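Contents: one structure, followed by commentary.
Spelled out as structure tokens, the structure:
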């Protein structure tokens, strides 16, 4: 998936911003969240998040659900790359395993499991 944030900011701008964030908030993870383009789910009102490294993927998913006001009976899937991270994994671990060269963690969300299993 192509992230609009990457298209709107150069690699140098993104590196500088993530570096500043990590210096000021070393215990937090800079995350960019965007909707999978083909998904029918609601859009999100903001795409930049600064999350504690010790929260789980499930807790972060709950934050996203609240931001898009998704009813509990509707499904949501978070993808990092084409991977569905384990809901029990910490955001810090996901960041270490999947952070981009610019220092941000890119997360796509969808109402459908668009990448298979």
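Numbering (the numbering used here), first residue to last: 217 to 333. Quick reminder that beta carbons are idealized off the backbone N, C-alpha and C, glycines included. Predicted model, so just to flag it, every value in this text is computed and none were measured.
Straight through space, the alpha carbons of residue 252 and residue 300 are spaced by roughly 13 Å.
Apart from sequence neighbours up to five positions away, the residues of its chain that approach residue 225 with a beta-carbon distance below 8 Å are 233, ordered along the chain.
When the Cα atoms are used, residue 278 and residue 317 turn out to be separated by approximately 27 Å.
Boundaries for residue 241: no alpha helix (DSSP H) harbours it, and the DSSP string shows neither H nor E there. Here the C-alpha atom of residue 326 lies approximately 11 Å from the C-alpha atom of residue 286.
Burial of residue 321 is indicated by the presence of at least 16 other C-beta atoms within 10 angstroms of its C-beta. When C-beta atoms of the region 304-311 are compared with those of the region 257-271, three or more pairs fall below 8 Å, so the two segments count as touching. If you check the CB distance, residue 319 and residue 263 do not come in under 8 Å.
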